[in-house]
Amino acid sequence: MANVSVAAEWQLLYNRYYRKPELYPMRWKHMDLSRNKVACAPFGGPIAVIRDDSKIVQLYSESALRKLRIFTSSGALISETVWKHPGGRLIGMSWTEDQTLICIVQDGTVYRYNVHAELIEPNVSLGKECFEQNVVECMFWGNGVVCLTEGGLLFGIPDFKVMSPCQLAETGAEDLPNCMAVIEPKYTVSGNVEVLVGVGDGILIVDEDGVQRVEGEAVQGPVQKMVVSWDGKYLAIFTHDGRILVTDINFKGVLLEYNCESALPPEQLAWCGLDSVLLYWDDTPLLMVGPRGDPVHYFHDEPLVLIPECDGVRILSNTSMESLQRVPDSTVSIFKIGSTSPAALLYDALDHFDRRSAKADENLRLIRSSLPEAVEACIDAAGHEFDVSRQRTLLRAASYGQAFCSNFQRDRIQEMCKTLRVLNAVRDPEIGIPLSINQYKLLTPSVLIARLINAHRHLLALRISEYLGMNQEVVIMHWACSKITASLAIPDATLLEILLDKLRLCRGISYAAVAAHADKNGRRKLAAMLVEHEPRSSKQVPLLLSIGEEDTALMKATESGDTDLVYLVLFHIWQKRPPLEFFGMIQARPLPRDLFISYARCYKHEFLKDFFLSTGQLQEVAYLLWKESWELGKNPMATKGSPLHGPRIKLIEKAQHLFSETKEHTFESKAAEEHAKLLRIQHELEVSTKQAIFVDSSISDTIRTCIVLGNHRAAMKVKTEFKVSEKRWYWLKVFALATIRDWDALEKFSKEKRPPIGYRPFVEACVDADEKGEALKYIPKLADPRERAEAYARIGMAKEAADAASQAKDGELLGRLKLTFAQNAAASSLFDTLRDRLSFQGVS
Amino acid sequence: MAQIPNLDNSPLNLKSLREQSQRDLVKILKDIRGKKCLVIEPKLGGSLSLIIQTSLLKEYGIELRHLSAEPVQTDCTKVVYLVPSQRDLMKFISSHVHNDISKGLQREYYIYFVPRREIQCEKILEEENVHHLMTIGEYPLYVVPLDEDVLSFELDLAYKECQVDGDTGSLWQIAKAIHKLESSFGVIPNLRAKGKASVLVADILNRMQTEEPVSSSDMAVPEINTLILIDREVDMVTPMCSQLTYEGLVDEFLRINNGSVELDSSVMGVQQEGKKMKVPLNSSDKLFKEIRDLNFEVVVQVLRQKATSMKQDYTEMTTTNQTVSELKDFVKKLNSLPEMTRHINLAQHLSKFTSKPSFLAKLDMEHTIVEASSYDICFEYIEEMIQKQEPLINVLRILILFSVTNSGLPKKHFDYLRRELLHSYGFEHMATLNNLEKAGLFKKQESKSNWLTVKRALQLVVEDTDTANPNDIAYVFSGYAPLSIRLVQHAVRSGWRPMEEILKLLPGPHTETKRGRFASNPSFDTLQSASNGIDKIADGRRSLVLVVFVGGVTFAEISALRFLSAQEGMAYDLIIGTTKIVNGHTLAETFLGTSG
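Which chain is which? The protein sequence lines are A and B, in order.
The letter at position 813 of the first sequence is residue 813 when you use UniProt numbering, and the numbering goes up by one with no holes.
The letter at position 317 of the second sequence is residue 317 when you use UniProt numbering, and the numbering goes up by one with no holes.
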């Protein structure tokens with residue numbers, strides 16, 4: 001039966017099965033791993049290979065120059081480059097989490113490559129001590145490295161994203177360590193990297209701040225090799241007497257002990273998941289030991305490289321890539337020889353069903369109650385399969401069983417199919433990313449897509465993100481940028497069409513970002529064409545500026561209505577261009593021009609004058625000068641009466657002159673002339689009265705002040721000098737006299753001649769000053785009976801008010817007056833009778 | 001009673017909006033660790049008092065200061081400035097920093113710009129050589145709910161900046177504020193705009209929608225059905241008239257700031273000489289909600305009635321035996337006693353102003369000008385005001401009213417009044433006159449005024465207004481129906497189309513557009529057909545119209561809108577958005593040229 005053959009490939013370690021299916025036959029030719037240094041990235045990542053310069057090897061028909069070559073996990077060449085770096089031997093080489101290849105040479109220089117074998121500048125040095133002492137060993141983890149120098153010092157880069165080196169504490173040991181292992185920062189209590197150093201008879205824990213000796217039953221005598229499990233919880237140790245020990249990371253207890261009967265330490269020591277440890281010597285079979293039971297031996301006739309993964313180990317040889325992993329429980333329950341588990345029976349039932357045998361039904365009946373778990377097991381097992389036809393069979397079994405389950409979560413199968421489609425797509429030898437389902441889940445789809453685009457697998461990345469319903473913007477954006485970089489020979493217009501064709505797929509994509517990339521690649525014209533398509537002005541405008549399209553930037557900013565953007569452009573041009581050119585650009589554009597004026601009004605007065613002069617707006621210059629004169633007046637240095645009035649007057653006269661240049665501004669010119677004259681007169685008044693109370697008051701105020709001071713001649717002079725109208729003169733003089741309560745003078749004034757505006761000002765002034773007697777002198781002289789009525793009312797004379805009102809025959813007025821006298825019942829009834837009489841008259 | 005208005009009864013979920021603003025602010029303050037001195041620009045501080053209680057801020061280890069030219073006195077090493085993006089404030093901040101440096105004080109400086117950072121401000125910090133010392137952030141406060149149906153964008157100078165300086169920065173902020181509302185309440189499908197600035201706001205808003213679309217699919221029905229944008233420029237007549245509603249009068253005489261009025265405590269019957277007290281005025285006060293929109297004449301009557309009925313209740317209480325439930329009712333009524341006292345005091349205080357003959361004469365004059373019946377009388381009145389040197393703002397107000405209704409004055413009169421103004425108030429007001437002329441508020445007459453036509457066509461002057469039982473919005477000005485609100489009334493009822501001819505007589509263009517998903521759907525062609533379809537939100541609420549005044553709105557206009565909204569047969573609730581609550585005074589003040 002087919003089932004038997006599946007389990008026949010398994011190896012039993014204690015109570016667990018292990019399998020070692022081949023993932024790929026390697027596509028490369030004539031590869032001898034033993035001649036090379038090899039760095040394999042986990043999660044099915046790329047393989048970097050370079051001739052090992054620490055070994056003496058025979059050169060065949062090849063160049064003496066070494067080549068760094070990068071392959072996929074299936075052995076297809078991605079890229080290669082000639083290695084010509086100085087600095088001595090290549091000591092360490094490893095891939096980071098974001099698939100950058102880190103190469104460290106003897107003098108401590110770190111070179112970085114991407115998967116396309118392009119050097120990423122700048123190169124970083126680990127420091128002076130490394131340069132002087134030479135690096136002898138490097139210990140990598142996903143995101144950092146620790147190096148050992150010949151002098152026994154430890155240096156590290158704790159984070160490859162930052163690339164700043166640091167020194168760890170000195171161990172103080174005389175000899176160089178036998179072996180080392182690192183605990184990643186994310187697994188340590190301190191959050192800093194810790195290095196386990198096997199030196200002398202024990203192990204030291206070293207970090208940036210100090211050194212600590214390890215105590216524990218696992219550490220008795222020198223240690224030859226160590227490796228930390230991928231979850232940072234366990235440590236495998238190979239001792240000087242040929243035993244392999246597993247202890248927890250705090251050295252509490254021994255979880256596994258096995259005597260390997262070899263004094264030589266293994267060349268490679270690796271965890272296989274968390275259940276077992278692999279030891280590799282090149283002349284004996286690969287040894288796998290677990291906590292209990294007999295170890296398993298795997299024979300090999302080629303040199304191997306062990307690549308630890310989270311759920312197993314990949315084994316790379318010259319010709320193949322295999323995966324060694326524990327067989328999942330679901331798979332065991334289905335394929336184990338003689339298994340009668342529900343899942344096995346379900347799988348069997350499908351077989352019967354396919355052969356149209358009635359036994360299918362019998363099987364189903366047997367497992368009716370546990371059908372859901374059988375279906376679940378089949379789905380799970382399918383997920384762990386690399387073989388597509390077996391995936392299919394298992395999923396068909398699941399789907400067959402599901403038909404008889406009423407309450408099974410139906411989308412489980414669908415979900416698994418989706419996942420497997422993605423996995424199978426990337427496992428294809430062309431792509432060469434042999435991810436297991438566990439690795440895929442740990443890696444997450446978005447990281448997988450990022451890796452695909454980094455490897456320039458844009459179409460696949462796009463399909464996958466589309467299939468999984470993820471945002472495609474990342475993919476398309478990266479594609480567009482890569483396309484620009486790679487298409488130096490394609491003319492701008494053609495390339496633009498190619499790009500737009502794809503960019504349109506994604507709404508809201510940032511055209512500005514693509515354009516910025518084009519600009520960085522020296523394709524300014526293409527950038528300008530691309531940025532046209534950016535709908536967001538806030539992104540478009542800054543870019544237009546950076547590619548020197550100032551005119552367009554100004555236009556777009558203005559169109560957007562966002563004044564902040566307009567200012568951005570304005571300041572940019574203002575700084576870059578000579579003033580006249582700048583003025584020319586903004587002159588015909590209302591919004592930028594007005595904004596510039598508004599800003600310059602506050603902070604760049606002189607520059608603004610230049611602008612107005614250049615555009616011939618002389619009156620605006622005049623306004624500015626006038627304003628300056630005003631500010632000069634507010635200046636505390638220019639105390640009143642001081643000679644500083646000279647400059648003020650001069651400024652105003654200059655303004656007047658400018659105003660008079662244009663016909664439309666005769667009024668302003670006249671006003672400026674008067675202002676200058678007023679300041680002079682006020683200045684003289686201050687000198688003659690020795691009182692600094694005139695400057696900067698208005699003409700009317702000046703007249704009032706003169707009258708209040710009793711200086712009627714001066715008041716008269718101001719009046720004639722500025723042709724103050726008789727009307728205004730009367731108001732001013734009456735109020736001024738009332739202010740100083742000179743009632744005699746007021747009366748005299750009223751009799752000078754018949755006042756041009758009647759006696760109302762006199763009445764108002766007296767009433768306001770609460771001088772009833774004085775008011776009564778003028779009220780009868782009021783011509784309009786209505787005014788008379790109101791005036792009487794204001795000084796509380798109801799009867800007189802009523803008489804006047806009835807004389808005016810104004811009913812509404814009577815009503816209003818009645819309200820004024822609301823408290824006074826007698827007056828109130830008086831108004832009522834009068835009003836009645838009035839309305840009666842109205843009717844008749 | 002709290003100054004922060006209770007928003008529970010709002011037709012929109014404004015509470016969540018306010019809570020978001022609270023959280024934003026608290027986050028900014030929390031993220032700056034330790035003790036810090038928070039320096040707030042005073043006006044902004046006023047707006048913030050409607051968002052969060054200052055006592056709450058103190059919980060985050062904050063010393064509170066107001067921004068002024070004086071250096072900040074504090075022991076804190078961290079100074080956080082919370083300021084609007086205004087150029088003139090940057091000088092203050094720079095001088096503070098320079099002052100600290102000269103004294104050898106080492107401090108950490110943070111500037112949070114409201115509502116967003118602007119290059120023109122940062123440029124000044126750069127030129128003052130302090131930019132590198134600052135950590136700069138923004139506090140995106142675009143909308144402040146003043147009451148359950150009023151939103152303010154807190155842009156005090158918007159009108160002047162647009163009309164005089166040509167600086168349309170505020171329009172972008174208005175659009176942003178509306179766009180933010182849309183992201184909470186859905187894309188508003190119908191848009192009507194009148195006036196240059198309004199149409200610009202509409203343009204920017206549509207642009208924002210294409211640049212950063214609010215996904216309309218999330219919400220089945222957008223909560224706001226129609227947006228009406230009215231430019232203040234379209235109607236400068238209304239704000240220059242004296243408001244006669246209760247709330248309007250309080251604002252005219254006593255100034256309402258951020259939903260409260262500051263009074264001598266003696267007015268409120270508290271015997272503490274010279275002490276000021278703040279009285280909150282918002283719809284959380286039940287009695288105020290009832291009377292705020294009434295004509296002041298009526299308010300006096302209503303208050304008298306209430307007082308009498310309470311007195312009656314009290315007499316009954318003392319003479320007859322009462323059941324427990326009757327007692328309960330009575331006690332409930334007693335609870336409203338503090339509100340009664342407050343408004344009786346306030347109304348009494350107001351009537352001191354309203355009974356003055358000068359006030360009545362002014363009202364008379366305003367009506368004469370609005371009716372455009374006698375040019376000469378009005379001209380002489382204004383001439384006399386100037387010659388008597390009455391407060392300049394009062395003069396400007398009536399002068400603007402006069403000039404706008406006549407679309408300017410004949411050159412002879414224009415020059416004459418200008419000269420009289422300069423002679424009476426000083427030549428520095430040349431700048432004021434220049435500003436007014438640029439804004440078209442006081443100018444030379446160039447064409448015949450069409451005010452009479454507009455007035456007649458829109459029935460702006462209504463004879464025999466019964467202020468107690470009004471049947472038209474004209475009650476808010478005792479006979480004059482505010483032009484702006486007439487426009488809204490028509491826009492809501494039938495859209496712009498039937499009144500295109502009249503709209504053309506008013507300044508600025510007008511537009512009417514469909515937006516979002518409804519842009520291409522012909523069945524939503526008019527608002528009326530729409531009212532049969534999508535307007536009925538499931539829970540039976542009426543659908544909403546957001547009326548935005550670009551350049552400010554007065555309390556009287558808000559009252560008129562509330563009156564409209566309360567009319568039978570009105571299918572909509574109205575929400576009001578404005579750059580700021582204004583009145584003739586505050587609006588005219590912004591044009592004074594002496595400030596710069």
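Note that the Cβ used here is the ideal one computed from N, Cα and C, for glycine as well.
On a predicted model such as this, the values are computed, not experimentally measured, just so you know.
Below-8 Å beta-carbon distance, residue i vs any chain A residue
i       : result
S325(B) : no
P509(B) : no
H423(B) : yes
L67(B)  : no
Q301(B) : no
Contact check, residue i vs residue j, beta carbons under 8 Å
i       : j       : result
L151(B) : I575(B) : yes
N190(B) : L227(B) : yes
L279(A) : L264(A) : no
R19(A)  : V327(A) : yes
T245(B) : D285(B) : no
I508(B) : K103(B) : It is worth fixing the name first, because residue 508(B) is Gly in this sequence and not Ile. No.
L817(A) : A793(A) : yes
G202(A) : V145(A) : no
A804(A) : P785(A) : yes
M321(A) : L23(A)  : yes
Residue from the options whose Cα sits closest to the Cα of residue i
i       : options                              : result
N15(A)  : I102(A), L269(A), S54(A) and D294(A) : D294(A)
N206(B) : V261(B), I178(B) and K43(B)          : I178(B)
I367(A) : A343(A), D107(A) and E385(A)         : A343(A)
L505(A) : Y24(A), K483(A), G646(A) and I476(A) : I476(A)
N469(B) : Q459(B), M340(B) and V299(B)         : V299(B)
P46(A)  : D241(A), Y759(A), R427(A) and I91(A) : R427(A)
R33(B)  : A202(B), Q3(B), N99(B) and Y109(B)   : Y109(B)
K289(B) : P42(B), G552(B), G593(B) and N6(B)   : N6(B)
Simplified DSSP state of residue i, which is helix, strand or coil
i       : result
A202(B) : helix
I237(A) : strand
S94(A)  : strand
W729(A) : helix
D45(B)  : In the sequence as presented, Asp is not what sits at residue 45(B); that position holds Gly. The answer is helix: DSSP assigns G45(B) an H, G or I state.
Residues near residue i by beta carbon distance below 8 Å, same chain, minus five either side
i       : result
R66(A)  : I50, R51, D53, V82 and W83
K160(B) : N435, A439, T590 and F591
S424(B) : I386, Q387 and Q389
Residue-chain proximity (residue i, chain B), Cβ-Cβ < 8 Å
i              : result
A801(A)        : no
residue 860(A) : Because residue 860(A) is not part of the residues shown, which for chain A are 1 to 844, the question remains open.
R35(A)         : no
Residues of its chain near residue i, where Cβ-Cβ distance is below 6 Å and the 5 sequence neighbours each way are ignored
i       : result
A527(A) : A515, A518, D519 and I547
I224(B) : F185, I188, L544 and L546
L443(A) : F43
K252(A) : none
Proximal chain E residues relative to residue i, where beta-carbon distance stays under 8 Å
i       : result
L269(A) : Looking for chain E here will not work: the only protein chains present are A and B.
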